[in-house]
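Residue numbers (the UniProt record's numbering), protein chains in the order written: chain B, 1 to 202; chain Z, 1 to 202.
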């Protein structure tokens with residue numbers, strides 16, 4: 001059904017336009033009018049897909065989670081040594097390429113804005129949290145965590161570290177380029193695990 | 001000079017009103033008019049202290065850094081065992097009390113917004129980064145870091161972890177109450193140091 005696919009593509013391009021506006025002006029700036037203009041569609045066309053601004057925002061947030069989850073599945077399926085794969089999964093949660101930057105930053109802004117809207121943030125729906133939990137399960141499966149580790153605290157620690165890294169990469173892109181982020185991730189894994197994940201030297 | 005002190009107090013209460021509005025509506029909502037209303041002063045009075053919105057925002061951000069730095073100085077001066085003091089310094093960077101919540105959250109929002117405004121974020125001016133650097137220097141002085149530690153990577157890791165914790169505490173206050181934040185901090189210190197900082201059990 002090519003027509004349906006096309007509908008989905010239009011919705012996604014509208015949501016991506018919403019991400020851009022939210023990053024530049026905050027949620028307050030993401031009126032349906034401004035998003036329609038950014039997406040290059042008429043107000044009528046936008047309203048055909050999203051009848052309210054809330055619907056548009058909810059879909060845009062869902063799309064962030066969906067894209068992140070899809071990327072995680074792709075990376076987990078890659079044929080590479082397990083420890084390298086774990087590093088790759090974590091790097092893929094950060095804006096280590098231009099393509100991912102918009103998506104990672106949009107997720108952070110949606111997360112910050114949860115509070116403004118009085119919404120309750122549900123980490124179980126956050127694809128980054130789910131990816132971190134998968135990484136931890138994989139570390140357990142591979143018997144890589146240090147013997148005295150607390151799985152729950154390690155999970156929370158890594159989740160917070162990754163959020164802080166993403167935030168910092170958004171604010172200080174010149175400092176936290178991919179290589180530097182990779183060093184911090186490998187350093188953290190080396191410190192939490194009983195085997196080395198790689199060198200952290202330059 | 002009681003009059004001058006009073007001036008400073010009025011400026012600070014206006015800045016605190018700006019924090020509140022920024023947290024609720026984003027920077028876009030913090031017009032001088034809205035801030036004056038929230039602060040309970042006339043528009044003319046606000047303009048007496050801040051001639052532009054930019055001036056008001058810059059002062060509000062500075063006040064966050066200043067308050068954090070002052071609190072850090074107070075905690076560092078406390079008479080308590082060094083390891084306990086380090087835990088207290090880090091806990092004091094998080095919204096572990098209602099009094100600090102507004103300030104910690106305002107800092108995060110200012111940090112996120114740096115990007116929107118095209119400003120360059122200078123970590124060297126961020127009182128949280130400076131506090132983390134002091135904690136690391138103190139750990140070195142006390143010879144507590146593990147022998148193979150990389151001071152620079154440990155500093156960046158702790159800075160990102162603390163930002164992620166603050167963000168999470170803002171979004172999931174019910175999960176990350178003080179006790180839980182303390183457990184993650186102690187767990188992290190135990191893992192990075194050669195001596196135990198305390199128990200992480202319930």
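Positions of the beta carbon are idealized from the N, C-alpha and C atoms, including for glycine. The structure displayed is predicted, hence computed values, not measured ones.
Buried or exposed: where does residue 147 (chain B) fall if 16 or more other Cβ atoms within 10 Å of its Cβ makes it buried? The residue in question, residue 147 (chain B), is exposed, as its Cβ has fewer than 16 Cβ neighbours within 10 Å.
If you pair each beta-carbon of the region 137–146 of chain B with each one of the region 158–174 of chain B, do three or more pairs fall below 8 Å? In short, these stretches do not touch, since the Cβ pair count stays below three.
Contact belief for residue 169 (chain B) with residue 94 (chain B) at Cβ below 8 Å, rounded distance in angstroms: Beta-carbon to beta-carbon, residue 169 (chain B) and residue 94 (chain B) are separated by about 6 Å, close enough to satisfy the 8 Å threshold.
For the region 118–149 of chain B, list every residue whose C-beta sits within 7 Å of some C-beta in chain C, in sequence order. Going by chain labels, chain C is absent from the structure shown, which instead holds the protein chains B and Z.
Using a C-beta cutoff of 8 Å, does residue 19 (chain B) count as contacting chain Z? False, the Cβ-Cβ gap to chain Z never drops below 8 Å.
Exposed or buried, residue 200 (chain B), counting other C-beta atoms within 10 Å across all chains shown (16 or more means buried)? Within 10 angstroms of the beta-carbon of residue 200 (chain B) lie 16 or more other beta-carbons, which makes it buried.
8 Å is my cut-off, CB to CB: does residue 162 (chain B) come that close to chain Z? Residue 162 (chain B) counts as touching chain Z.
Would you mind listing the alpha helix (DSSP H) stretches within the region 41–86 of chain Z that are 4+ residues and don't spill past its ends, in chain order? Qualifying alpha helix (DSSP H) stretches, in chain order: 43–49, 53–77.
Give a yes or no on whether 8 Å exceeds the smallest Cβ distance from residue 58 (chain B) to chain Z. No, residue 58 (chain B) lies away from the interface with chain Z (no Cβ there is under 8 Å from its Cβ).
Contact with chain B by residue 49 (chain Z), beta-carbon distance below 8 Å: Cβ-Cβ to chain B under 8 Å: no for residue 49 (chain Z).
Are the CB atoms of residue 76 (chain Z) and residue 89 (chain Z) nearer to each other than 8 Å? Taking 8 Å as the Cβ cut-off, residue 76 (chain Z) and residue 89 (chain Z) qualify as a contacting pair.
If you follow the alpha helix (DSSP H) that residue 27 (chain B) is in, where does it begin and where does it stop? Segment: none, residue 27 (chain B) is in no alpha helix (DSSP H) and carries neither H nor E.
Comparing C-alpha positions only, which one of B:180, B:49, B:84, B:36 sits nearest to residue 195 (chain B)? When each option's Cα is compared against that of residue 195 (chain B), the closest is B:84.
Does the beta carbon of residue 203 (chain B) come closer than 8 Å to any beta carbon on chain Z? Any property of residue 203 (chain B) remains undetermined from this structure, which presents chain B solely from 1 to 202.
In three-state terms, what does DSSP make of residue 94 (chain B)? Reduced to three states, the DSSP call for residue 94 (chain B) is coil.
Which first and last residues belong to the alpha helix (DSSP H) in which residue 131 (chain B) is found? Annotation: the continuous alpha helix (DSSP H) that includes residue 131 (chain B) extends over 127–141.
Measure from the C-beta of residue 168 (chain Z) to each C-beta in chain B and report whether the shortest distance is under 8 Å. Closer than 8 Å to some Cβ of chain B, the Cβ of residue 168 (chain Z) qualifies, so yes.
Looking at residue 21 (chain Z) and residue 32 (chain Z), is the spacing between their C-beta atoms short of 8 Å? No.
Name the chain Z residues that come within less than 8 Å of residue 111 (chain B), Cβ to Cβ? Within chain Z, the residues near residue 111 (chain B) are 167, 171.
Whole angstroms are fine: how far does the CA of residue 113 (chain Z) sit from the CA of residue 28 (chain Z)? Rounded to whole angstroms, residue 28 (chain Z) to residue 113 (chain Z) spans 10 Å at the Cα level.
Is the separation between the beta-carbon of residue 182 (chain B) and that of residue 108 (chain B) shorter than 8 Å? Between residue 182 (chain B) and residue 108 (chain B), the C-beta spacing is not below 8 Å.
Using a Cβ cut-off of 8 Å (strictly closer), state whether residue 86 (chain B) contacts chain Z. Answer no: the Cβ-Cβ gap between residue 86 (chain B) and chain Z never drops below 8 Å.
Expected contact under 8 Å - CB spacing of residue 64 (chain B) and residue 110 (chain B) to nearest Å: Under the criterion of beta carbons closer than 8 Å, residue 64 (chain B) and residue 110 (chain B) qualify as touching, at roughly 6 Å.
Using DSSP with H/G/I as helix, E/B as strand and the rest coil, what is residue 145 (chain Z)? Three-state result, residue 145 (chain Z): strand.
Residues that residue 192 (chain Z) contacts on chain B, provided the C-beta gap is smaller than 8 Å: In chain order: 191.
Distance, Cα to Cα, residue 11 (chain Z) vs residue 44 (chain B)? Distance between the alpha carbons of residue 11 (chain Z) and residue 44 (chain B) is about 46 Å.
Give me the DSSP bridge partner(s) of residue 193 (chain Z). Partner residues in the beta bridge of residue 193 (chain Z), as assigned by DSSP, are Z:145.
Looking at the unbroken alpha helix (DSSP H) that takes in residue 155 (chain B), where does it start and where does it end? For residue 155 (chain B), the enclosing alpha helix (DSSP H) covers residues 151–171.
Status (buried if at least 16 other CB within 10 Å, exposed otherwise) for residue 188 (chain B): Result: buried.
From Z:56, Z:145, Z:150, Z:156, pick the residue whose C-alpha is nearest to that of residue 128 (chain Z); which is it? Among Z:56, Z:145, Z:150, Z:156, the Cα nearest to that of residue 128 (chain Z) belongs to Z:156.
In whole angstroms, what separates the C-alpha of residue 145 (chain Z) from that of residue 193 (chain Z)? Rounded to whole angstroms, residue 145 (chain Z) to residue 193 (chain Z) spans 4 Å at the Cα level.
Going by the beta-carbon positions, is the gap between residue 186 (chain Z) and residue 165 (chain Z) smaller than 8 Å? Cβ distance not < 8 Å, so residue 186 (chain Z) and residue 165 (chain Z) don't count as in contact.
Residue 174 (chain Z) - DSSP class collapsed to helix/strand/coil: Residue 174 (chain Z): coil per DSSP, three-state reduction.
With distances taken Cα to Cα, identify the nearest neighbour of residue 49 (chain Z) among Z:72, Z:81, Z:6, Z:80. When each option's Cα is compared against that of residue 49 (chain Z), the closest is Z:6.
Assign residue 80 (chain Z) to buried or exposed, taking buried as 16 or more other Cβ atoms, counted over all protein chains shown, within 10 Å of its Cβ. Under this definition residue 80 (chain Z) is an exposed residue.
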